[in-house]
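Engineer: In mature numbering (1 follows the signal peptide of the UniProt record, and there is no 0), the protein residues as written are -20 to -1, 1 to 881.
Pasting in a structure now, in structure tokens, and then I'll have a few things to ask.
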Amino acid sequence: MALLYVIFAVGISHLLTVEALSCSQCAAVTDPKSCPSVRCADDEYCFAEKRLNAALHEYFNLGCEKRLLCDVLGNGDGIIGKRSNTKTRPAMNDRHKRDATLCTRCCLTDNCNPDICADAVEKPPETIPSSSDLYVRLISGSNAYEGTVEVYFNGQWGSICDDQWTTNDAKVVCNMLGYEGNGAQSINGGVFIPGQNRIWLSNVTCAGTESTLYQCPHGQWGVTTCIHNQDAGVMCSSVTPEDDVIFLLDTGVGGMIFRMNLRTQSFTPIPLSQLYAPVSFDYDPSMGRLYFVDDRLAQIVSMKYDGTDIRNILQLDINSQPDKIVVDPLNRLLFFTDDGNNVICSCNLDGTNYSRVISSNLDNPRGIVLDPRSKTLYWTDWGAKPKIESANYDGSNRKTLVDTDLKWPNGLAIDYDANKIYFVDGALGTIETMTLQGTSRREIFKDSGSHFFSLDVFGDYLYYTDWNHNTLMRIKTDGTGQTAVGPPSFRELSDIRVHKYGSDLEGVTTPSPVHFDPSHVFVRMGGSGDATSGRVEIFANSQWGTICDDHWDDRDAMVVCHMMGFDRTNAKATNMSIQGDGFGIISLDEVNCTGSENHIVECGFGPDNWAIHDCTHREDAGVNCEPPQAMGFQESNIDNFILFCDVYSGLLIRMDLTTYSYTSIVQSSSPNAVAITFDPNDKLIYFSEVLSSSSEIRTSNHRGSIISKLGIAQSGSIIDGLAIDRSRNLLFYTDAGNKQIMSLSPEGSGFQVVATNVDRPRGIALDRKVGMVYWTDWGNASKIERANYDGTHRQVIASTGLIYPNGIAIDIAAGLLYFCDSGRKTIEVMNTDGSNRKVLYVDNGSHFFGITLTSKYIFYSDWNKQGIGRLNRDGTNQIMAGPESFTRINGIYAYESAYTQ
């Protein structure tokens, strides 16, 4: 039987592969591989769903069912039936939920189950599409600029064979997506996950100047000898004009945001961590950032247009169900409706100054729009007495504008030029307009078979979403000219914003292109070499690229080495891919630094020359930041860095504290590095490897050229925490396997037991001033303890309000302990005696593991965010430090010589 690709959208959606008729069957299991097989009935198909429980832990349900759900980017999915006006939300902490009535779904494919279709839907006849009917999309990429290419033809998506697939073909695809054609890279099959639909084309031979693939010579539609492992892909330049863009949110696939080109209607998803399930979004055009609400996590989140630099702006209370968000770019504010608490709230764009603006006489507030000129907000309420209201930003001057002939008023939009409001009603199937004062109300469009949800005004058109259509829709502002926009490729479009450079509100600066921000451009070293040399790779807008070696010299190398925390003095340039060929985009060419710059983007690069080159990867540039001492050079004075273990890659990372660029210490065998610390005296990194039978403590110099095992830990040991006190010549560690706290010399001798009967010890911190050790215990009776170095005066300093306390760090001078709890989703602080405890930061989407301090910041590792987070010491201004390029990060240690304790 053919393989079926099934998605059940429940907060977080995953693509799972199951075989029809013979299915795995079980419920609420953590490991799907443990499920027994069962034979399905003839009219049943396999299904598999992945859910989160109240603690945000994953579990699986598998079995047989009669309904067949289409894949996440399906074959022109038809949706039959109607929905209620509510959205499904997974259970969390026993709060009240809204129910949803799912419609019947029917896929327009040969695998469709005809018994579930309410109406017969015929496929259009096979004809060669006109240029206006030809769309492309990218799937399976790690960012919005790359992926397997699919073409929409004859009502179905299909891939392209990579026979004769070249850079010229990639240029055309990238242009259709609204990206720059310059710098585009063609990718052969096997790099990205292949498609699962038909293979539509082969032998595509574009010149590179065509405006659409339809104009390129190609083989006959649907005739090919290729298999999906030969599916063609592209990498487009990420430094590209963000203009003529339609942003779309599809909650029917778990909350996925798409970037559609306004001109061609071709599109690509903006990949998000599977942690998030947005239900609404808006954007700040002046900073190029999207803001979205996640009602499962009860969070307001911000990110760049490309999905990078994700920040938790505001964590809401447990009863919150944020529904619609809107941004005021002029006054730097955002507002959102919360129909869990039935309030309308506001805050600054950084999450500060949160307040409840409207907190009475609300039933189910939903849509909301702003007029920044008069600082007025407008909202819909679809509760028992539907209405549309307005008020000043501070909640004063509240007025009811409409309260008759409404049932499910959903989305709103303001035409600032015409000073009109447009609104939709999901139950009545109407689009109406009125003045900003609520007068001159009139219906401009009616569709009794619709379920309108959201809309936006752009020029003379209204773009709107309709849950009963799997295509974006458009009409003129006078209600005429209804047309579908783009191919039918969506499930439940719930939000839309049209972005055009220079349009919308007067006074709003709209950068176009939204290019790279130096604070989020990083460098690293790849290829062969130790942690001081390698091929230079540069990260911009979610994409890594290499540098061509044309005119690449030591002055350029000085800047790169400085960004990674090395001295400039001995930096040497390497050429002709001496450290190995790179892959993908070539980001820079003709680099011409003076050597004194602090960042490579200061060397004359911008959107006009990014990814423009005449090179191949045989000419990739590299650096040697620290020549061997045997050549007479001194080691760099390494300072101001973060050390951490990236488990699944097997790397130890040293990241610069200023630029967040990094270099990697590669080990030949690093299956599970967990704890990490650093001794500035001997300049050695100490880290633990937790193996199947016991743990090892290893050491490495900063080059990674000398890695050795330190002593032999007790059999069955699980070493999750490490800390060193060189002044007393002691190295401490937690051992969860043997339930104890241990010490030894940094040379690997003299093992001593400090404390026993510790259930699940994890994090550890030292007060070197008085000789006291602190540790966390996430066992059955979670607690935080301390004792003298010799184990005397052992004391529990915290034992309530803890679930899984993990990392711990100490500010000796201030007498403060900072710790994180992955169960409570908190980062907290208290005095070293356990008094004056308070929560600094909460993130319902987190799984905090390690924590460390610098003079200004708290840094932490987060298993769910797969990166390093940074907070001010008071818990404000959360950002992710460094690129989105890591897997699971365990231990973390910051070294800042000016803050040495």
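Cβ atoms here follow ideal geometry from the backbone N, Cα and C, with glycine treated the same way.
Taking the alpha carbon of F247 as the point to measure from, which residue in P258, F227 and G584 has its own alpha carbon closest?
Structural biologist: It is F227 whose Cα lies nearest to the Cα of F247.
Engineer: Using 8 Å as the threshold, is the C-beta distance between S697 and G728 below it?
Structural biologist: Not closer than 8 Å, so no.
Engineer: Helix, strand or coil, according to DSSP, for V171 in the structure here?
Structural biologist: The answer is coil: DSSP assigns V171 none of H, G, I, E or B.
Engineer: Examine the Cβ distances between the stretch 119 to 126 and the stretch 509 to 524 and report whether three or more of them are shorter than 8 Å.
Structural biologist: In short, these stretches touch, since the Cβ pair count reaches three.
Engineer: Taking 7 Å as the limit between beta carbons, can you name the residues of its chain near E577, skipping five residues before and five after?
Structural biologist: Closer than 7 Å at the Cβ level, and outside the excluded window around E577, lie V539 and C583.
Engineer: Could you check the C-alpha separation between D143 and N292 for me, to the nearest Å?
Structural biologist: Cα to Cα, D143 sits roughly 44 Å from N292.
Engineer: With respect to the alpha helix (DSSP H) encompassing A150, which residues constitute its N-terminal and C-terminal limits?
Structural biologist: Start and end: T147 to M156.
Engineer: Quick check on D561: does DSSP put it in helix, strand or coil?
Structural biologist: D561: coil per DSSP, three-state reduction.
Engineer: Smallest Cα separation from F425: which of L442, H431 and I411?
Structural biologist: Among L442, H431 and I411, the Cα nearest to that of F425 is on I411.
Engineer: Hey, could you find the ends of the beta strand (DSSP E) H542 is sitting in?
Structural biologist: Premise fails: H542 lies in the alpha helix (DSSP H), D534 to M543, not in any beta strand (DSSP E).
Engineer: Runs of 3 residues minimum, wholly inside the stretch 667 to 742: which ones carry the beta strand (DSSP E) assignment?
Structural biologist: Runs found: 675 to 680, 687 to 690, 699 to 705, 710 to 715, 720 to 724 and 732 to 736.
Engineer: Can you give me the C-alpha to C-alpha distance between N93 and N589, rounded to a whole angstrom?
Structural biologist: Low confidence applies to N93: its pLDDT is 39, below 50, so where it sits in the model is not reliable, and the reading given next is rough at best. Near 52 Å, if we compare the C-alpha coordinates of N589 and N93.
Engineer: Where T231 and G202 are concerned, what is the direct C-alpha to C-alpha distance, given to the nearest angstrom?
Structural biologist: Approximately 32 Å between the Cα atoms of the pair.
Engineer: Given 8 Å as the limit, is there contact between the stretch 249 to 268 and the stretch 803 to 816, that is, 3 or more CB pairs closer than that?
Structural biologist: Touching, no, given that fewer than three Cβ pairs across the two stretches are closer than 8 Å.
Engineer: Counting Cβ pairs, one atom from each stretch, are 3 or more of them under 8 Å apart for the stretch 794 to 808 and the stretch 825 to 835?
Structural biologist: Segments in contact, yes.
Engineer: Tell me the DSSP bridge mates of F272?
Structural biologist: F261 and V281, per the DSSP bridge assignment.
Engineer: Can the beta-carbon of N620 be found closer than 8 Å to that of T512?
Structural biologist: Cβ atoms of N620 and T512: not closer than 8 Å.
Engineer: Taking DSSP as the reference, what is the three-state secondary structure of P389?
Structural biologist: Of the three classes helix, strand and coil, the one that applies to P389 here is strand, per DSSP.
Engineer: Taking only three categories from DSSP, how would you classify I633?
Structural biologist: Correct three-state label for I633: strand.
Engineer: What is the rounded straight-line gap between the Cα of Q295 and the Cα of I280?
Structural biologist: Computed Cα separation, rounded: 7 Å.
Engineer: Out of S218, S253 and A257, which one is the CA nearest neighbour of V233?
Structural biologist: Checked all of S218, S253 and A257; the closest Cα to V233 is A257.
Engineer: At what residues does the beta strand (DSSP E) containing V603 begin and finish?
Structural biologist: G602 to N604 is the extent of the beta strand (DSSP E) around V603.
Engineer: What do you get for A537, buried or exposed, if any count of 16 or more other CB atoms within 10 angstroms of its CB means buried?
Structural biologist: The residue is buried, with at least 16 neighbouring Cβ atoms inside 10 Å.
Engineer: Please specify which runs of the beta strand (DSSP E), each continuous and at least 3 residues long, are wholly inside the stretch 350 to 431, giving them in chain order.
Structural biologist: Complete beta strand (DSSP E) runs here, min 3: 356 to 361, 367 to 372, 379 to 382, 389 to 395, 400 to 405, 410 to 415 and 422 to 426.
Engineer: Once DSSP output is grouped into helix, strand and coil, what is the label at M611?
Structural biologist: Residue confidence for M611 is low, a pLDDT of 49 falling below 50, so the modelled location carries little weight; the figure read from the coordinates is stated next. Helix, per DSSP.
Engineer: Whole angstroms are fine: how far does the CA of N168 sit from the CA of F403?
Structural biologist: Using only the alpha carbons, I get a separation of about 47 Å.
Engineer: Between V646 and G684, which are expected to be in contact by the criterion C-beta below 8 Å, what is the C-beta distance as a whole number of angstroms?
Structural biologist: Confirmed, Cβ separation roughly 6 Å.
Engineer: Run the CB neighbour count on K818, radius 10 Å, all protein chains shown included, and call it buried at 16 or more, exposed below.
Structural biologist: It counts as exposed.
Engineer: Taking only runs of the beta strand (DSSP E) that begin and end inside the stretch 283 to 319, which ones reach a length of at least 3 residues, in chain order?
Structural biologist: Entirely contained in the stretch 283 to 319, the beta strand (DSSP E) runs reaching 3 residues are, in chain order, 291 to 295, 302 to 308 and 313 to 318.
Engineer: Please classify D715: is it buried, with 16 or more other beta-carbons within 10 angstroms of its beta-carbon, or exposed?
Structural biologist: Buried, since its Cβ has 16 or more Cβ neighbours within 10 Å.
Engineer: Kindly indicate which three-state DSSP category R868 falls into: helix, strand or coil?
Structural biologist: The answer is coil: DSSP assigns R868 none of H, G, I, E or B.
Engineer: Tell me whether Q136 is buried or exposed, calling it buried when 16 or more other Cβ atoms sit within 10 Å of its Cβ.
Structural biologist: Buried, by the Cβ-count rule.
Engineer: For the pair the stretch 748 to 760 and the stretch 779 to 795, tell me if three or more CB-CB distances fall below 8 Å.
Structural biologist: Result yes; three or more Cβ-Cβ pairs closer than 8 Å.
Engineer: Could you please give me the residues that DSSP links to V9 through a beta bridge?
Structural biologist: Its beta-bridge partners are F40.
Engineer: Could you tell me which of N550, H500 and C595 sits nearest to C638, measuring between CA atoms?
Structural biologist: One point to set straight first is that residue 638 is Thr, not Cys, in the sequence displayed. Answer by Cα proximity: H500.
Engineer: Going by DSSP in three states, Y256 sits in which element: helix, strand or coil?
Structural biologist: Three-state result, Y256: coil.
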